[in-house]
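Going line by line, the protein sequences match chains A and B.
Note that the numbering used here has the first sequence beginning at 7, numbered continuously upward.
Note that the numbering used here has the second sequence beginning at 94, numbered continuously upward.
Yeah, the Cβ is synthetic: ideal placement off N, Cα and C, and Gly gets one too.
Since we're looking at a predicted model, the values are computed, not measured.
Contents: one structure, followed by commentary.
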Amino acid sequence: MSARNIGIVYQKELTEALRDRRTLITMFILPLVIFPLLSVGFGSLVAALVGKAEQEKAKVMIIGGEDSPDIVDGLKKLDTIAIVPLEPDWQAQIVNKQLPIVVEIPAGFQKDLADQKLQTVMIHNYEGDVKSEIAKGKVEKFLNKYRDSVVENRLAAKNLPASVLKPFEVKPHNVAPPEKSGAALFFGGFIAYIVVFLCLNGGMHPAMDLTAGEKERGTMETILSSPISRAHLVIGKFLLVLTTALTTAALSVISMGISFTIVNALRATPIQAGREGATLHIGFGAALSVFIMAIPLAVLFSSVLITISTFAKSYKEAQSYIVPLLFIVIIPAIAAMIPTIELNPKLALIPILNVSLLCKELVIGTYHWNYIAIIFISTCIYAAAALFIAVKMFQRESVLFRS
Amino acid sequence: MIEARGLSKRFQDKKRGEIRAVDNVSFTCQPGKIYGLLGANGAGKTTTLRMLATILEPTDGTAVVCGYDVVDQPEKVRANVGFLSTATALYPRLSAQELVEYFGRLNGLDEATLKKRVADIFNRLDMNGFRDRRCDKLSTGMKQKTSIARTLVHDPRVMIFDEPTTGLDVMTARSIIEFIRECRNRGKTVIFSTHIMTEVEKLCDTIGIIQSGKLLSEGTLEQLRDKHREQDLEEIFVKVVAPHYVTEEAH
Numbered sequence: 007m008s009a010r011n012i013g014i015v016y017q018k019e020l021t022e023a024l025r026d027r028r029t030l031i032t033m034f035i036l037p038l039v040i041f042p043l044l045s046v047g048f049g050s051l052v053a054a055l056v057g058k059a060e061q062e063k064a065k066v067m068i069i070g071g072e073d074s075p076d077i078v079d080g081l082k083k084l085d086t087i088a089i090v091p092l093e094p095d096w097q098a099q100i101v102n103k104q105l106p107i108v109v110e111i112p113a114g115f116q117k118d119l120a121d122q123k124l125q126t127v128m129i130h131n132y133e134g135d136v137k138s139e140i141a142k143g144k145v146e147k148f149l150n151k152y153r154d155s156v157v158e159n160r161l162a163a164k165n166l167p168a169s170v171l172k173p174f175e176v177k178p179h180n181v182a183p184p185e186k187s188g189a190a191l192f193f194g195g196f197i198a199y200i201v202v203f204l205c206l207n208g209g210m211h212p213a214m215d216l217t218a219g220e221k222e223r224g225t226m227e228t229i230l231s232s233p234i235s236r237a238h239l240v241i242g243k244f245l246l247v248l249t250t251a252l253t254t255a256a257l258s259v260i261s262m263g264i265s266f267t268i269v270n271a272l273r274a275t276p277i278q279a280g281r282e283g284a285t286l287h288i289g290f291g292a293a294l295s296v297f298i299m300a301i302p303l304a305v306l307f308s309s310v311l312i313t314i315s316t317f318a319k320s321y322k323e324a325q326s327y328i329v330p331l332l333f334i335v336i337i338p339a340i341a342a343m344i345p346t347i348e349l350n351p352k353l354a355l356i357p358i359l360n361v362s363l364l365c366k367e368l369v370i371g372t373y374h375w376n377y378i379a380i381i382f383i384s385t386c387i388y389a390a391a392a393l394f395i396a397v398k399m400f401q402r403e404s405v406l407f408r409s
Numbered sequence: 094m095i096e097a098r099g100l101s102k103r104f105q106d107k108k109r110g111e112i113r114a115v116d117n118v119s120f121t122c123q124p125g126k127i128y129g130l131l132g133a134n135g136a137g138k139t140t141t142l143r144m145l146a147t148i149l150e151p152t153d154g155t156a157v158v159c160g161y162d163v164v165d166q167p168e169k170v171r172a173n174v175g176f177l178s179t180a181t182a183l184y185p186r187l188s189a190q191e192l193v194e195y196f197g198r199l200n201g202l203d204e205a206t207l208k209k210r211v212a213d214i215f216n217r218l219d220m221n222g223f224r225d226r227r228c229d230k231l232s233t234g235m236k237q238k239t240s241i242a243r244t245l246v247h248d249p250r251v252m253i254f255d256e257p258t259t260g261l262d263v264m265t266a267r268s269i270i271e272f273i274r275e276c277r278n279r280g281k282t283v284i285f286s287t288h289i290m291t292e293v294e295k296l297c298d299t300i301g302i303i304q305s306g307k308l309l310s311e312g313t314l315e316q317l318r319d320k321h322r323e324q325d326l327e328e329i330f331v332k333v334v335a336p337h338y339v340t341e342e343a344h
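Written as structure tokens, this is what we have:
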């Protein structure tokens with residue numbers, strides 16, 4: 007094995023890759039700009055818009071209530087909503103999203119309440135519309151409080167304590183560290199998914215360009231006429247694909263880490279992970295662990311990509327083989343996000359799923375060393391097998407000169 | 094020197110079954126001489142030359158190039174061969190100089206020798222005006238010069254040209270013919286495939302007529318004229334190839 011020859015091929019492929027717009031876009035622009043914008047930026051935008059809707063005074067119309075001043079006055083005193091005069095086309099206004107909700111108070115509400123008759127206060131809303139849901143929540147909160155006060159008065163009139171209706175309280179107490187519970191678990195799965203996806207995505211274009219693309223452009227015959235052995239040639243190419251895959255994955259983890267830090271710093275209240283209020287962040291240790299586990303996976307991906315693309319006659323044909331592969335790879339990565347799926351000895355042997363599940367644990371700072379060893383070694387074995395196949399494939403005339 | 098001994102190549106085709114692209118071909122090319130492989134499209138010229146350049150491995154037989162066996166020592170063979178065809182394209186994102194240097198390094202040249210060799214070739218081929226221009230921005234003529242520089246950078250003793258003028262304009266084709274002649278004058282062993290009769294008449298010291306993978310006739314132009322009792326090479330070619338060409342069509 008000549009390191010010099012492999013190095014020469016690698017250096018040349020790197021020079022060409024850094025001059026290729028498509029490689030630069032997948033390697034740098036996607037992880038550094040597009041994904042943070044999509045994930046963090048879009049998330050914060052939604053949060054900001056929802057926050058704004060919450061702070062806005064929602065317009066509310068009231069139907070009836072002329073004979074029930076208590077409830078109407080209570081609603082009017084709420085500073086989170088603004089009561090506006092009832093208009094006949096209120097229903098159309100809700101449907102057109104000009105009005106979030108209308109509260110309908112039945113006739114004789116206050117009197118019937120005093121007589122202890124069952125009443126129904128209707129809230130007409132637009133289900134699923136954020137503004138309508140927020141306004142409904144505000145009014146419901148008031149109505150529940152009002153109802154509780156009526157109950158309390160009734161109990162007090164009969165000299166009964168409030169505990170008659172509520173003999174005991176139920177309160178959950180989370181003993182898991184906040185950074186390892188709640189949304190953080192899902193967040194870990196999401197990071198794993200991003201790393202797996204970008205690892206593959208980063209290597210896709212260079213793998214196709216360096217093999218099928220070379221066949222198409224006619225440079226394959228040129229390079230095969232040079233003294234370099236085909237094994238050295240394919241290893242040099244493989245190393246370049248690996249570099250782009252790992253760079254894409256590393257940059258995406260770093261950029262997401264930075265994005266979360268910036269967003270957390272900009273916001274008064276950080277993005278909440280659990281109820282206890284842990285901040286979503288990727289520590290340096292976790293990021294490094296995820297990256298180390300991603301290395302054998304990237305080797306596996308790069309080898310598979312090279313093998314498939316070498317078989318293809320043209321870039322287009324390679325694309326038609328590799329796009330379905332993307333789905334095959336994404337399925338286990340998405341499965342790892344399902345909260346009930348956890349690492350076990352069998353799952354630790356399933357490629358992609360094992361690394362995704364492990365990354366989920368690593369992101370929240372849990373290190374199962376046994377699993378880490380099993381997964382790292384098994385992925386290395388799969389990767390070595392895939393690389394072996396890639397090298398063999400590249401040495402087959404029937405593949406290189408497929409017509 | 095090139096010595097092909099019973100060189101054969103068979104391919105498996107799903108529809109047509111086994112194809113004998115090259116069938117038991119033997120010939121010798123001497124240093125300082127040009128051997129012309131003349132044949133129609135699909136006759137087996139490219140496959141023969143690819144086997145000599147060790148891009149393809151023979152199914153049977155072998156060839157010895159500069160004392161090295163194409164089956165057992167393919168890398169040593171390639172280090173002594175310059176291979177040029179219209180199919181050997183250039184890397185679009187490398188400059189002309191980077192490309193030539195890349196192939197120099199792959200041929201094991203050290204940096205000092207490489208620098209000297211590249212400067213020398215670029216001067217000789219008048220390439221300094223576009224040495225830093227990317228290959229995808231070069232004209233056809235510039236590309237052809239860069240390809241020639243690529244084949245010369247390791248100063249090979251054997252030159253293999255596979256239909257080097259196909260698709261080129263008259264001026265570029267002429268410069269290639271001139272280059273082939275220059276290679277002979279420098280004492281290199283040259284083998285060259287074509288289906289253009291005038292190129293063979295102008296250049297070749299020995300002519301081999303190939304059809305359906307078989308070397309049907311071989312000799313100097315004079316020897317072929319005597320043997321087939323025809324003066325015109327095209328007539329000789331048709332006379333030799335026609336019976337086999339019918340077989341090919343029927344096949």
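Check, Outcome
"When DSSP labels each residue in this structure, what does A:Q122 get in the three-state scheme?", "coil"
"Which whole-angstrom value describes the C-beta separation of A:L81 and A:I68, a residue pair presumed to lie in contact below a C-beta threshold of 8 Å?", "7 Å"
"Ignore the nearest five residues each way along the sequence and tell me which others in A:H374's own chain have a CB closer than 7 Å to its CB.", "L349 and E367"
"Under the assumption that A:S315 contacts A:A324 (Cβ atoms under 8 Å), give the Cβ distance between them as a whole number of angstroms.", "4 Å"
"Assuming B:A114 and B:G99 make a contact with CB atoms under 8 Å, what is their CB distance in whole Å?", "Going by Cβ atoms, the distance from B:A114 to B:G99 rounds to 14 Å, so no, they are not a contact pair."
"Do the CB positions of B:T239 and B:A189 come within less than 7 Å of each other?", "yes"
"Between which two residues does the alpha helix (DSSP H) carrying A:Y388 extend?", "W375 to F400"
"With respect to the beta strand (DSSP E) encompassing B:Q105, which residues constitute its N-terminal and C-terminal limits?", "I95 to D106"
"Work out the CA separation of A:F193 and A:C365 for me, nearest whole Å.", "11 Å"
"Identify which residue in B:L131, B:N117 and B:G110 has its Cα closest to the Cα of B:E292.", "B:L131"
"What are the start and end residues of each continuous beta strand (DSSP E) run of 3 or more residues lying completely inside the region 76-114 of chain A, in chain order?", "87-90 and 107-110"
"Looking at the structure shown, is B:A343 part of a helix, part of a strand, or coil, going by DSSP?", "Below a pLDDT of 50, predicted positions are generally treated as unreliable, and B:A343, at 49, falls in that range; the measurement from the model is reported next regardless. B:A343 falls in the helix class under three-state DSSP."
"Excluding the 5 residues flanking B:Q105 on each side, which residues of the same chain have their C-beta closer than 8 Å to its C-beta?", "E111 and I112"
"State the start and end residues of the unbroken beta strand (DSSP E) segment that holds B:I284.", "T282 to T287"
"Using a C-beta cutoff of 7 Å, does A:Q401 count as contacting chain B?", "no"
"Give a single yes or no on whether A:Q125 has its beta carbon closer than 6 Å to a heavy atom of the ligand SAM.", "By its list of ligands, the structure shown contains no ligand whatsoever, and the ligand SAM lies outside what it can speak to."
"Can you check whether the CB of A:V397 is closer than 7 Å to the CB of A:A237?", "yes"
"Which one or two residues does DSSP pair with A:H130 in a beta bridge?", "A:V108"
"Identify whether B:E204 lies in helix, strand or coil by the three-state DSSP scheme.", "helix"
"Which bits of chain A does B:L184 rub up against, with CB to CB less than 7 Å?", "For the record, residue 184 of chain B in the displayed sequence is Tyr; it is not Leu. Correct list: E22 and T225."
"Straight-line CA distance for A:V329 to B:E96?", "47 Å"
"Beta-carbon of B:E168 versus every beta-carbon of chain A: anything under 7 Å?", "yes"
"Looking only at DSSP bridge pairs, what is B:D255 linked to?", "B:S178 and B:S286"
"Would A:G209 and A:Y16 qualify as a contact pair, given that the criterion is a beta-carbon distance under 7 Å?", "no"
"Less than 7 Å between the beta carbons of B:R103 and A:R25, yes or no?", "no"
"Given B:I329, which residues of its chain have a CB within under 6 Å of its CB, disregarding the five upstream and five downstream residues?", "L317, H321 and E323"
"Name the residue from A:I370, A:Q401 and A:L306 whose alpha carbon lies nearest to the alpha carbon of A:C473.", "With chain A running from 7 to 409 in the structure shown, residue 473 of chain A is simply not present."
"Rounded to a whole number of angstroms, what is the C-alpha to C-alpha distance between A:Y132 and A:F297?", "46 Å"
"In chain order, what residues of the same chain lie with their CB nearer than 7 Å to the CB of B:L53, ignoring the 5 residues before and after it?", "This structure cannot speak to residue 53 of chain B, because chain B is shown only from 94 to 344."
"Using CA coordinates, which residue listed in A:V202, A:N11, A:I129 and A:I14 is at the minimum distance from A:A341?", "A:V202"
"Which chain A residues are close to B:T181, counting only those with a beta carbon under 7 Å from its beta carbon?", "G224, E227, T228 and S231"
"Express the C-alpha separation of A:V39 and A:M262 in angstroms, rounding to a whole number.", "10 Å"
"Which chain A residues are close to B:F196, counting only those with a beta carbon under 7 Å from its beta carbon?", "S232"
"Skipping 5 residues on each side, what residues in its chain have a beta carbon closer than 8 Å to that of A:I395?", "S309 and T313"
"Determine the chain B residues that contact A:K319 at a beta-carbon separation under 8 Å, and present them in chain order.", "What A:K319 touches in chain B: nothing, since even the nearest Cβ is about 14 Å away."
"How would you list, in chain order, the residues of chain A whose beta-carbon sits under 7 Å from the beta-carbon of B:N200?", "S232 and P233"
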